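Undergrad: Mind having a look at this structure? Questions to follow.
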């Protein structure tokens, strides 16, 4: 019994033990390097334990926690992302010196939240996991070093937190309706009991509010306002985390709830369509005029959230798996961009597009990583961004949302413009570069760059096994009992 | 009775949002607190109301008396109250720090990140 | 097996930077495309008329994308051109950029491009084809922008990519429609399903999308302007991309899909119009150019126009002429581009007004140029002549619109001839004094004259052996396009006939234009100043940026309260929409069940909340907040929730105390000074609050299933030995959640600490 429990709960146990170890480390002096080492070991162990438990199945904690293929591969994605973020963070130079070790502590706690999230099938556990994952992130934003005249981090922290709290509140609120309606907190049961009443205003309000909380995490218009500001105001490492993990987490929960609706549910489709279109146009148009690279990525995130919603508009298994596949890919594309940002940045400062000029001479590997990351974001084959978009478009198209597909394609064209400005700068720019010093990369950064490039390409050229796996694992989530 | 409660919740929300839309920090905190209260009240009432029958198991009995209040939403609200408190405290500290760094408390002036 | 050439070329690309840095002669890299060429040639020659070699590997089958490749007569012909010309280009580039620090990078991109192009013509799956299609756009973008010191080059590269990229997206839309309509993603099956496609309601849309995509790639009017602008590319790149390969991709696709799409007015009409317009535009704009490469670019436009026009006509003769013309063009145009590059390399200029008499200094290059120019001009016995003859033959055999076609073709060919002589003859044989300051012009190294000479000689040999070429290459290609074998063979000489007369007319007219070329040059500025699609493009890009800026200023202003207002307005809209669309208004009457105590508490809480909103004294706000908290706590108590009441009172007390500590540091509470804005805020808030009221009412009316907390209550004492069910739920049934909650609180505490710690230290620093 206890053995089975440990086998199923291994990743969480590993992570909790690791976080505890980091906590102990932070109590001593001069601890940054050690905290990082411990976190690195934890992340590696997390990845391994996810691989070990990939096939285990169990329901724990009174039905609140489900371990299956679906949850385990998500945890694996989170684990790999965690590992990448720690490598990316290097010595977290841009965090206030006195609290650098705490960066790793909060990061670890946040990861715990995400890992819990993947398995939560109970509304309360879900809310708590969400809080657990997002709360440390509020702190990480505020932890950026203050330099002369820069107070962005506080600004960002306020915006992030305000919207975050509101979103969590709204979600809790939506869940309480759903509870009121179905009298259960178990999500699968909830979803099942919702089906007959799905067209009632209360069920729609409940689902709508629950979704709204998630839209905030995904940065869907008009719940996106914090995104660019936070990307810009947070340190490069923190922004990298915020840009990647919460999105995948939000998609996971969305999938769990969206399973309540059938593809012919017109109202939900309509709302999602409006949000998707608004997000795509908003994000892409505003991104056109940005100069700060992180801010540009912030707006592009909004557009990507719009693309992701395409899968939900379809409201079927193909759509959900396309969204999950896309988001998994997105996690790595955006991390690839952030690796470059954090290395190009001088002393942790923000990076403008102009700062990339001459990157291909300063560090060919970084330039390559950037170009591939951006091409993937722009949806250019053969990278994962293309296959993901293709799968999304196909799913939406199969359900007859032709206009939406066309609008999405137009958006891809607009987006190409600003993405290419980045490629341009890093690949061609030369003359006007102010800083021509070569950038020396340590071994772990090289490994990270190559690893991310490999993932972005591999996911893109071998989508079949990945999507198959997602679809198979979705069966347990979407299947209507 | 439902209508009175619902109206009360509606007014709490209205007041909270008006506060949230003000530019000064003090009101922002007040708004957050009011919204938290309103949300708690909604969750609490959403599951149905029972007066005078707390979900307690009497001495000698094995189960609470029939018709006792629904315990689960109460547990949820309790969690929400406590987490809400944590958030309020953190928000206060953060705002205070922001004011110290910037020297003012006008929320709309926090727009350094938004220049094109 | 067909995937291997693609991979081999990509691999050659990967090693080329290392080769360029080592002492190995760079031109040896040409062995890779040469090997591919040899292999393809042997496979191609073994292929019978109308036969194909197909193979397929699984890739992404649920979405229709799989690695299907096919070697057929037409795709194979282009594959031969790509690998053959590619071999020569690699040699040429190694000479042209010898010693350049970025030679390795250029070759890498060139090989990647070659691999994608090869994949494009061999792909048998529309999605796979699209992938390669976009890859060629991307690699060509990187290649065109290669001269990155030059800002203009970079802007031009972007323009080329945006036009072809946007076209590519239209094409993807067209492909998806086509694939779903024809119920197959394989090109070889789609072309068999022509009737199905033509009878579909989306036929018009999908055809339009595909034509737009192909037109963008093959630089058809009005999407042609990127091609001359892309001449900023290094010459080996232009010679490869803009003559033999990339620009042919659109034509290739149109030809390949013609069995599925032709037979309608939309197809024939739009292609004929596009083709004719491109032909004439290229000719007119080309004649005023003085830059060698731009002259060649405009003639490429004209040729692409003829090819499109021929596909639009679509008869067997037309397709045959298309193939012949395409083949001939690839041979002479690549050669002429390379010659132009060689001239530039040796003299430092490409301006025809400053070039002349180079035949003495550069005899071999001059011969290559002469041969290529004659083929282009359509002089017998070159292959270009065959192409032109067949174009005229097509025209004379047409039932309707034959005259119009012949007029367009003759005029176009006249200009082509004049331009051919201008680009290939003028620099070497004219009497214009050479103006190349500071240069002693001499013959280029073999790697610069060898490749163009080889291609130009091919042009001659193909003309002389037209019958053989017709059998081995053209016949197979025509059969592959039309899905039926060609009925007549290819020959150089057709006897005295109308086409020959037209040829003579063309020659006379062309020579006349050539002789007067100097009269035209001064008018270049005036003709180019006419606003065309290029300026439309500039305006569009500029406007897009302007719209984006304006929108950003309004919506992403940085004002926090405005953000909040937008979010709330959106939420209110969503809530309101539900009620407006679905009705279901709750019961809005005050029932008889009203209880005095809770009603008073509600009024108290609501009133105090409003008070906290309005009050301007700091103490007043705090007192009002306290009242709200206490009133709600009492409500909890009344409705059987003692635990909640206790927690609420405790938290309320702590909050108020904390606020007191902080509040007196904050500036006084202000009110919104503008009454209009204040009213709007109240209205928005009231809208949201009203929506909430409605929803709460509805929630109270409805419940579908029995609560699970019945079970929890039943188990509470027997299983967990707790009498207070709420507490048991928190610490036992839901222990995991409570644990999480504790962590959250801990983080909050740590966060407060980390924010405060800093200040404390500052103060200490200040003290010491």
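Protein chains in written order, with my numbering: chain A, 1176 to 1656; chain B, 16 to 131; chain C, 4 to 771.
Note that the Cβ used here is the ideal one computed from N, Cα and C, for glycine as well.
This one's a predicted model, so the numbers in the text were calculated from it and none came from an experiment.
Name, in chain order, the residues that DSSP records as bridge partners for residue 72 of chain C.
TA: C:58, C:126
Undergrad: Against chain A, with Cβ distances strictly below 8 Å, would residue 161 of chain C count as a contact?
TA: Interface residue, yes.
Undergrad: Roughly how many angstroms separate the alpha carbons of residue 507 of chain C and residue 246 of chain C, rounded to a whole number?
TA: Their backbone Cα atoms lie some 26 Å apart in a straight line.
Undergrad: Could you check whether the Cβ of residue 754 of chain C sits closer than 8 Å to any Cβ belonging to chain E?
TA: This model lacks chain E altogether; the protein chains it does include are A, B and C.
Undergrad: Taking the beta strand (DSSP E) that residue 1233 of chain A falls in, what are its first and last residues?
TA: That run of the beta strand (DSSP E) goes 1233 to 1235.
Undergrad: For residue 331 of chain C, which residues of its own chain have a beta-carbon under 6 Å away from its beta-carbon, when the five flanking residues on both sides are left out?
TA: 386, 387, 390
Undergrad: Does residue 1383 of chain A come within less than 8 Å of chain C when only Cβ atoms are used?
TA: yes
Undergrad: Against chain A, which members of the stretch 18 to 36 of chain B pass a CB distance test of less than 7 Å?
TA: none
Undergrad: Can you tell me the Cα-Cα spacing of residue 58 of chain C and residue 45 of chain C, whole angstroms?
TA: A straight line joining the alpha-carbon of residue 58 of chain C with that of residue 45 of chain C spans about 17 Å.
Undergrad: Output yes if chain C places a C-beta closer than 8 Å to the C-beta of residue 1277 of chain A; else output no.
TA: yes
Undergrad: Have a look at the DSSP bridge pairing and note the partners of residue 1527 of chain A.
TA: A:1467
Undergrad: Could you say which of A:1389, A:1540, A:1582, A:1400 lies nearest to residue 1618 of chain A if we only look at CA atoms?
TA: A:1540
Undergrad: Going along chain C in order, which residues have a C-beta closer than 8 Å to the C-beta of residue 1306 of chain A?
TA: 743, 744, 747
Undergrad: In chain order, what are the residue ranges of uninterrupted alpha helix (DSSP H) at least 4 long that sit wholly in the stretch 1298 to 1335 of chain A?
TA: 1298 to 1317
Undergrad: The stretch 117 to 137 of chain C: which residues have C-beta closer than 7 Å to a C-beta of chain A, in chain order?
TA: Shown in chain order are the members of the stretch 117 to 137 of chain C whose Cβ falls below 7 Å from a Cβ of chain A: 134, 137.
Undergrad: DSSP state of residue 772 of chain C, grouped into three classes?
TA: Nothing in the structure corresponds to residue 772 of chain C, since chain C is present only between 4 and 771.
Undergrad: Taking Cβ positions only, does residue 103 of chain B come closer than 8 Å to chain C?
TA: yes
Undergrad: For a cutoff of 8 Å on Cβ pairs, would you count residue 609 of chain C as touching chain B?
TA: yes
Undergrad: Using a C-beta to C-beta distance shorter than 7 Å, which residues of chain B count as neighbours of residue 641 of chain C?
TA: 66
Undergrad: I need the DSSP call for residue 1273 of chain A, collapsed to helix, strand or coil.
TA: helix
Undergrad: Measuring alpha carbon to alpha carbon, tell me which residue in A:1435, A:1524, A:1394, A:1316 is nearest residue 1357 of chain A.
TA: Taking only the C-alpha atoms, the option nearest residue 1357 of chain A is A:1435.
Undergrad: Please classify residue 519 of chain C: does DSSP put it in a helix, a strand, or coil?
TA: coil
Undergrad: Determine the DSSP secondary structure at residue 1592 of chain A, reduced to helix, strand or coil.
TA: helix
Undergrad: Can you list the alpha helix (DSSP H) stretches of 4 or more residues lying completely in the stretch 396 to 476 of chain C, in chain order?
TA: 405 to 427, 429 to 432, 449 to 467, 469 to 472
Undergrad: State buried or exposed for residue 434 of chain C, treating a residue as buried only when at least 16 other CB atoms are found within 10 Å of its CB.
TA: exposed
Undergrad: Three-state secondary structure (DSSP) at residue 1608 of chain A?
TA: Low local confidence applies: a pLDDT of 49 at residue 1608 of chain A is under 50, so the model's placement there is unreliable, with the coordinate-based value given in what follows. Here residue 1608 of chain A sits in coil by DSSP.
Undergrad: If residue 1632 of chain A sits next to residue 1558 of chain A, beta carbons under 8 Å apart, how far is it from one beta carbon to the other, in whole angstroms?
TA: 6 Å
Undergrad: Quick one: measure Cβ to Cβ for residue 555 of chain C and residue 1464 of chain A, integer angstroms, because I've assumed they're closer than 8 Å.
TA: 6 Å
Undergrad: Kindly indicate which three-state DSSP category residue 1242 of chain A falls into: helix, strand or coil?
TA: strand
Undergrad: For the stretch 508 to 518 of chain C against the stretch 1406 to 1423 of chain A, do three or more pairs of beta-carbon atoms, one drawn from each stretch, fall closer than 8 Å, so that the two count as touching?
TA: no
Undergrad: For my contact list, residue 1262 of chain A and residue 1285 of chain A are in at a C-beta cut-off of 8 Å; report their separation, rounded to the angstrom.
TA: Not a contact, Cβ separation roughly 17 Å.
Undergrad: Between residue 1712 of chain A and the rest of its own chain, which residues show a CB-CB distance below 6 Å, the 5 nearest in sequence each way excluded?
TA: Here chain A has residues from 1176 to 1656 only, and residue 1712 of chain A is not among them.
Undergrad: Since I believe residue 117 of chain B is in contact with residue 641 of chain C (beta carbons under 8 Å), could you give me their beta-carbon distance rounded to a whole number of angstroms?
TA: That belief does not hold up - the Cβ atoms of residue 641 of chain C and residue 117 of chain B are roughly 44 Å apart, past 8 Å.
Undergrad: Contact criterion: CB-CB distance below 8 Å. Does residue 740 of chain C meet it with respect to chain A?
TA: yes
Undergrad: Going along chain C, which residues have a C-beta under 8 Å from residue 116 of chain B?
TA: Contacts between residue 116 of chain B and chain C, judged by CB atoms closer than 8 Å, are missing: the closest CB pair is about 10 Å apart.
Undergrad: Quick one: is residue 54 of chain C buried, meaning 16 or more other Cβ sit within 10 Å of its Cβ, or exposed?
TA: The C-beta of residue 54 of chain C has fewer than 16 other C-beta atoms within 10 Å across all chains shown, which makes the residue exposed.
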